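Asks: Chain order of the listed sequences is A and B.
Numbers 1 to 299, taken from this note's numbering, label the letters of the first sequence in order.
Numbers 1001 to 1647, taken from this note's numbering, label the letters of the second sequence in order.
Idealized CB from N, CA, C, for every residue including glycine.
The structure presented is a predicted model; accordingly, all values stated were derived computationally and were not measured.
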Amino acid sequence: MIEARELTKKFDRITALDHISFQVQSGSVFGLVGSNGAGKSTFLRTLAGIYQPDGGEILLDGEAPFEKTAVKSRIFFIPDYPYFLPQATLTDMAAFYKKLYPNWSDGRYEALCGMFPIDRKTNIGNMSKGMQRQAALICAMATQPDLLLLDEIFDGLDPVMRQLLKRIIGSEVADRGMTVVIASHNLRELEDVCDHVGLFHRGGVLFERDLDELKLGINKVQAVFKPMPEYSAFEGLDIVKTDLRGSLISLVVRGKQEEILEHINALHPVFAEVLPLTLEEVFISEMEVAGYDIENILK
Amino acid sequence: MTSKTSSNKFLSELKNTYLWASKKNLGMTSLLAVLLFLAFPLVVWFSLANTEMNIWIPAGEQYANVFRRTSFASMTFFVTPLCLLFVLLTAVSLFQYMHNKRSVDLFHALPVGRSAMLLGRFLAGLTTLFVPLLINFSVVAVVGLSYGIENSGTHIGYLYSVLLWLFLMLAAALLFCVLMAVCSGTTLDMVLSVIGVNIAYPLLILAVLFVISCLLPGFNTEHVSPLLTTLISPFTAVFAAISSVDQAFDAEKITFLIWWIVFSVFLAVLCVYLYRRRKSESAENTFAFAIPKQIIRFLLTAVGGLGLGLIFYWYNSTTLNFLLGLLIGSLVAHIIVEAVYSRGFSRMVRSLGGYGVFLVVFAAFYGIVCTGGFGYADRVPSVDQVASVTYQDYSYYDSFTDWHFYITDEKYNTLAKAESHVVQPENIEKVLQYHQGLIDFKKSIGFPYRMERQNGTLCSITYHLKNGKTLTRTYWDVYRDSHSVGLPKELKDLSGEICNSREYKESGNMLFYLTPEIVTGVQIEDYTPEKETTSVSYKLAPEESEKLLEAMRQDVLDIDVTQVKGRYAETAESTEAAEVTRGDNVALSLVLGEKDTRLFTPKEGSKLKELIGAYSGKISLEQGQYQMSGMEDSHTWAFMKEQGWIK
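1) Three-state secondary structure (DSSP) at B:Ser1388?
2) Exposed or buried, which one is B:Pro1058 when buried takes at least 16 other CB atoms within 10 Å?
3) In the structure shown, what three-state DSSP assignment does A:Leu7 receive?
4) Could you say which of B:Arg1069, B:Val1182, B:Tyr1275, B:Glu1543 lies nearest to B:Gly1144 if we only look at CA atoms?
5) Is there a Cβ of chain B sitting closer than 8 Å to that of A:Phe77, yes or no?
6) Which residue spans inside the stretch 217-267 of chain A form an unbroken alpha helix (DSSP H) run of at least 4?
7) Alpha carbons only, please: which of B:Glu1490, B:Leu1089, B:Leu1514 is nearest the one belonging to B:Pro1542?
8) Once you ignore the five residues that flank B:Ser1351 on each side, which residues in its own chain have a CB closer than 8 Å to its CB?
9) Say whether the stretch 1427-1434 of chain B touches the stretch 1490-1507 of chain B, bearing in mind that this needs 3 or more beta-carbon pairs closer than 8 Å, one atom from each stretch.
10) Taking just the CA atoms, how far does B:Asn1016 sit from B:Ala1116?
11) Going along the stretch 1107-1121 of chain B in order, which residues come within less than 7 Å of chain A, judged by CB to CB distance?
12) Should the stretch 1353-1368 of chain B be called in touch with the stretch 1412-1421 of chain B, which here means at least 3 C-beta pairs below 8 Å?
13) In whole angstroms, what is the alpha-carbon distance linking B:Tyr1568 and B:Asn1585?
14) Classify B:His1223 as buried or exposed, calling it buried when 16 or more other Cβ atoms lie within 10 Å of its own Cβ.
15) Would you call the stretch 171-185 of chain A in contact with the stretch 107-122 of chain A, where contact means no fewer than 3 C-beta pairs closer than 8 Å?
16) Please confirm if the stretch 1386-1400 of chain B is in contact with the stretch 1460-1477 of chain B, defined as three or more CB-CB distances below 8 Å between the two stretches.
17) State the Cα-Cα distance for the pair A:Thr143 and B:Leu1110, rounded to the nearest angstrom.
18) Using a Cβ-Cβ distance cut-off of 8 Å, determine whether B:Asn1008 contacts chain A.
19) Can you tell me the Cα-Cα spacing of B:Cys1499 and B:Asp1558, whole angstroms?
20) Taking only beta-carbon positions, decide if A:Ser184 is within less than 8 Å of chain B.
21) Of all the residues that make up the stretch 1264-1285 of chain B, which are near chain A by a beta-carbon distance shorter than 8 Å?
22) For B:Lys1102, decide whether its Cβ has a neighbour in chain A, counting only Cβ atoms nearer than 8 Å.
23) Report the CB separation of B:Ser1244 from B:Leu1159 in whole angstroms; it is logged as a contact under 8 Å.
24) May I have the straight-line CA-CA distance separating B:Phe1287 from B:Lys1293, to the nearest angstrom?
25) Using Cβ-Cβ distances below 7 Å, what residues of the stretch 1008-1023 of chain B are close to chain A?
26) A:Tyr101 touches chain E at which residues, Cβ-Cβ below 7 Å?
27) Comparing the C-beta of A:Thr69 with each C-beta of chain B, is any distance below 8 Å?
28) With a cut-off of 8 Å, does the C-beta of B:Asp1105 fall near any C-beta of chain A?
29) Helix, strand or coil for B:Ala1572, going by three-state DSSP, please let me know.
30) Round the Cβ separation of A:Leu187 and A:Val33 to the nearest angstrom and send it over; I've been treating them as touching at under 8 Å.
31) Starting from the N-terminal side, write out each stretch of the alpha helix (DSSP H) that is 4 residues or longer and does not extend beyond the stretch 1412-1481 of chain B.
32) If we define contact as Cβ-Cβ less than 8 Å, is A:Ala312 a contact residue for chain B?
33) Helix, strand or coil: how does DSSP classify B:Ser1537 here?
34) If we count the other Cβ atoms within 10 Å of its Cβ and call it buried at 16 or more, is A:Lys121 buried or exposed?
35) Any idea if B:Ser1574 is buried or exposed, counting beta-carbon neighbours within 10 angstroms, 16 or more meaning buried?
36) With the cut-off set at 8 Å, would you say A:Gly125 and A:Phe84 are in Cβ contact?
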């Protein structure tokens, strides 16, 4: 289990992580979402033992990873721009990691090399961004980590490779109970692979929840009223966002679908429907609630 | 059990890092090996193969001389600079990963502790440097042995002594680079810092000593310890170490050795300590730790200031000129260093606090020195404290009244030095009186002291105190307003009295230490302008030697040192005016010891034997010529005529 307790990380005057606390259960796939500069990558680097916390702690099964080789040997981190040794081929990188990670599996490495269309003898530095990520993924999976940290891993991967990645992650989680934390802005992809998400904003965690619960707990209502009732008529609903256009009102509302629909129908709409939100819509709604001025940004 | 497990884990991480880093550096190791081969074994072999043989000297001795000379030159001018260049390249190659955010992501996420990562790479760096050196020095040894060099054990021993010194100093230099890598945020800053400190520190010390010697009467800069000038500068210390390899292990050399061992260990511990605390996110910033930057900026600011101050002072020797140059130089240096380290001027205003610190430190330093250095300039011991005084007045000197000589061993290494000194209380009193007079005189021409242009050494006084300590003061003849500031007559006369005293003359003059059997002959040179120059050698019987020595000693005692200069036609003007006498064209040299080697064994119980202490081998003395100018009425001249050596 990953546990962050009052975790704080500062870069000079900027507080990248501001007393964040939450947990990630073992064997889950946790998606980190948030605006640019929210602290997602900083969180991953702190969890990988690269950064030392300036306050609080981050624990993997009760142990802090910073300067703990035993803990770090269970973690593999693929950053947004993976680094490879100068002039190294995939074979060189495999030899490098093999000596350092006790769970390295040659069999797994061979199997992964068969899955990804990558030349082991080519200088990785000369490969495309997507191919470099594939190389990093092969090495990462071959170390058989207990915790895999992925930062913007979908960038540069073609749709087929994304599906392959999701499948591999799924099987690793199912077979070995691997925990995965993925930071990404690609919410569509996260929606497919994650079972939990955490929303980071300005160094804090707005929420972290089961994805299904999250999606079921927030709904989009579209209704047509003639005439439009007073706004006070909607009181009693936990409204996140309201958009009124003539006789059409669109609401983003927290709560159970049936209860929301019952409340709306009691106001005698001409038409009303409740739609589930995509993760992207949930993200935007929550960000707006947190003060993220999306309308102005998009203008 | 737990500690054993963690220790095994550390060693395993260290080994893995070391092997990987060594493999990565294999190309650089090979390149260094090849370059060293071209610069060292090949040069030595080429020199030995092309030795111009002299049939009168044994081949082994000639090869040994060439071997020694070429080895020393190659090691000093090729091997050491090449190794230092590779120290920097190796450090950059192995530690630049700290300065790149992406590579930090890789290496700091690995299950390898930072201590093991740093030390493993450091050991790989040592391997890169040491293996090629060891191979090439061994090749040189084999080449030397194959030519049958004389005293091969000594020469090969010398070679490996240099190698050991190189190992120590290169390890220190590499550790210094590692420290700068740990403290810097970028590789450029690391390289600049290494170069900056290693050049700035020795220059700063030399400049500070020079300024003190210009300001503070009596301050002695005749011998500056190499340890002081290279204390935190391994890149320059390595040259000091190499050049002193064949010197005996005296207290200074032992201190130098101990310092560099201790300092290297300290650097290693500091590197590991700081690296464990280094923030990964400091990669690509200018500095990971602020203090080194401030120290380096201070050093370079001070060097810039003192450097330009002394250049200004060189053109016009006034304190104002010096201070003006100092202010301009230090400010410019500070701005340049800050602009380079901060990549612009955005932090310039904030950095002026650092410049203020420099000004305060300099003001304190200058204030202390110009007011006498906490009593340094005024210190004169009491007569009760002084056991003896070694004294030299540089204005009173000629070949007969020489006040010092060196005794060397069979390899011409210095064993002892005899200097004119006084021990009799009345003479010590005179020295103290002279010294106090000199201090008062210096104060009378300006206090607080100001920068004075030096015009040669006036005198040097070394008190050997009864508590075993020494107190040395050296005074310069100062130059002001284009004129030498001469000493008052009473002080000059007092100095003359000391130098004319019998014990002063006897204690530092070689003639009073020689016994007749040592003087085996004489050589008389006659270079009368109209005739062909002649050089005739005469073998002497012991009784003849004794008479010659007696005559020369008597002449030394008879000479009034204050009138010595009058014996010589010193300038072109005076040469024309003065009448050239017979003695002006005659010089006498003593032949001491064996014919070829000039070595001899001093008699048991003799004064020479007393000077060399426990040393039991043969010795040699520096042998100069005795010019006979103005000595036509001397006992020596009379003896030479009596022997028929001169007509």
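Replies: Answer, in terms of the structure:
1) By 1-based counting over the second sequence, the position of residue 1388 of chain B is 388. Reduced to three states, the DSSP call for B:Ser1388 is strand.
2) Translated into the one-based positions of the second sequence, residue 1058 of chain B becomes position 58. Looking at its Cβ environment, which holds fewer than 16 other Cβ atoms inside 10 Å, B:Pro1058 is exposed.
3) Translated into the one-based positions of the first sequence, residue 7 of chain A becomes position 7. In this structure, DSSP gives A:Leu7 an extended state, which the three-state scheme calls strand.
4) As a position in the second sequence, residue 1144 of chain B is number 144, starting the count at 1. With distances taken between Cα atoms, B:Gly1144 lies closest to B:Arg1069.
5) Taking the first sequence and counting its residues from 1, the one referred to as residue 77 of chain A is at position 77. By this cut-off, A:Phe77 is an interface position.
6) Counting only runs that start and end inside the stretch 217-267 of chain A, the alpha helix (DSSP H) elements of at least 4 residues fall at 257-265.
7) Here residue 1542 of chain B corresponds to residue number 542 of the second sequence, with the count starting at 1. Residue B:Leu1514 holds the alpha-carbon nearest to the alpha-carbon of B:Pro1542 among B:Glu1490, B:Leu1089, B:Leu1514.
8) Within the second sequence, residue 1351 of chain B is the residue found at index 351, counting from 1. Here the set comprises Arg1297, His1334, Glu1338, Ser1342.
9) Segments in contact, yes.
10) On the second sequence, residue 1116 of chain B is found 116 positions in, with the first residue counted as 1. On the second sequence, residue 1016 of chain B is found 16 positions in, with the first residue counted as 1. B:Ala1116 and B:Asn1016: Cα-Cα distance of roughly 9 Å.
11) Listed by position along the chain: His1108, Ala1109, Leu1110, Pro1111, Val1112, Gly1113, Arg1114.
12) Taking one beta carbon from each stretch, the stretch 1353-1368 of chain B and the stretch 1412-1421 of chain B have fewer than 3 pairs nearer than 8 Å; the two do not touch.
13) Position 568 of the second sequence, counted from the start, is the residue given in the question as residue 1568 of chain B. Position 585 of the second sequence, counted from the start, is the residue given in the question as residue 1585 of chain B. The pLDDT assigned to B:Tyr1568 is 49, lower than 50, so where the model puts this residue is not dependable, and the model offers no usable value.
14) Taking the second sequence and counting its residues from 1, the one referred to as residue 1223 of chain B is at position 223. Classified as exposed, B:His1223 has fewer than 16 neighbouring CB atoms from the shown chains inside 10 Å of its CB.
15) Proximity of the stretch 171-185 of chain A to the stretch 107-122 of chain A falls short of the contact definition, fewer than three beta-carbon pairs being nearer than 8 Å.
16) In short, these stretches touch, since the Cβ pair count reaches three.
17) Residue mapping note: residue 143 of chain A aligns to position 143 of the first sequence, counting from 1. Residue mapping note: residue 1110 of chain B aligns to position 110 of the second sequence, counting from 1. C-alpha separation (whole angstroms): 11 Å.
18) By 1-based counting over the second sequence, the position of residue 1008 of chain B is 8. Put simply, the CB of B:Asn1008 is far from chain A, with every gap to its CB atoms at 8 Å or more.
19) Residue mapping note: residue 1499 of chain B aligns to position 499 of the second sequence, counting from 1. Residue mapping note: residue 1558 of chain B aligns to position 558 of the second sequence, counting from 1. Rounded to the nearest whole angstrom, the CA to CA distance from B:Cys1499 to B:Asp1558 is 12 Å.
20) Taking the first residue of the first sequence as 1, we reach residue 184 of chain A at position 184. Output row for A:Ser184: interface = no.
21) Residues passing the 8 Å Cβ filter: Arg1276, Lys1279, Ser1280, Glu1281.
22) Mapped onto the second sequence, residue 1102 of chain B falls at position 102. In the sequence under discussion, the amino acid at residue 1102 of chain B is Arg, which differs from the Lys named in the question. Closer than 8 Å: yes.
23) For the purposes of this step, residue 1244 of chain B is identified with residue 244 of the second sequence, where counting begins at 1. For the purposes of this step, residue 1159 of chain B is identified with residue 159 of the second sequence, where counting begins at 1. Between B:Leu1159 and B:Ser1244 the Cβ distance is about 15 Å, and since that is not below 8 Å, they are no contact.
24) Taking the first residue of the second sequence as position 1, residue 1287 of chain B is located at position 287. Taking the first residue of the second sequence as position 1, residue 1293 of chain B is located at position 293. Rounded to the nearest angstrom, the two C-alpha atoms are 7 Å apart.
25) Contact annotation: in the stretch 1008-1023 of chain B, residues whose CB is within less than 7 Å of a CB in chain A are Lys1009, Glu1013, Asn1016, Trp1020.
26) Given the protein chain composition of this structure (A and B), no chain E is represented.
27) In the first sequence, residue 69 of chain A corresponds to position 69, counting from 1. Closer than 8 Å: yes.
28) One-based indexing of the second sequence puts residue 1105 of chain B at position 105. Interface residue (Cβ-Cβ distance to chain A less than 8 Å): B:Asp1105 is classified as such.
29) Here residue 1572 of chain B refers to the residue found at position 572 when the second sequence is read from its first residue. Note that B:Ala1572 scores a pLDDT of 41, beneath 50, so its modelled location is shaky; the value from the coordinates is reported in the next line. Reduced to three states, the DSSP call for B:Ala1572 is helix.
30) Looking up residue 187 of chain A in the first sequence gives position 187. Looking up residue 33 of chain A in the first sequence gives position 33. Yes, A:Leu187 and A:Val33 are in contact; Cβ-Cβ is about 6 Å, under 8 Å.
31) 1425-1444, all fully within the stretch 1412-1481 of chain B.
32) It is not possible to answer for residue 312 of chain A, since the shown part of chain A is limited to 1 through 299.
33) Counting from 1 along the second sequence, the entry for residue 1537 of chain B is found at position 537. In the displayed model, B:Ser1537 falls within a strand according to three-state DSSP.
34) The sequence position of residue 121 of chain A within the first sequence is 121, counting from 1. Classification of A:Lys121: exposed, given that the 10 Å Cβ count is below 16.
35) Against the second sequence, residue 1574 of chain B aligns to sequence position 574. Residue confidence for B:Ser1574 is low, a pLDDT of 45 falling below 50, so the modelled location carries little weight; the figure read from the coordinates is stated next. Burial call: exposed.
36) On the first sequence, position 125 is the one that residue 125 of chain A refers to. On the first sequence, position 84 is the one that residue 84 of chain A refers to. Contact flag set, yes.
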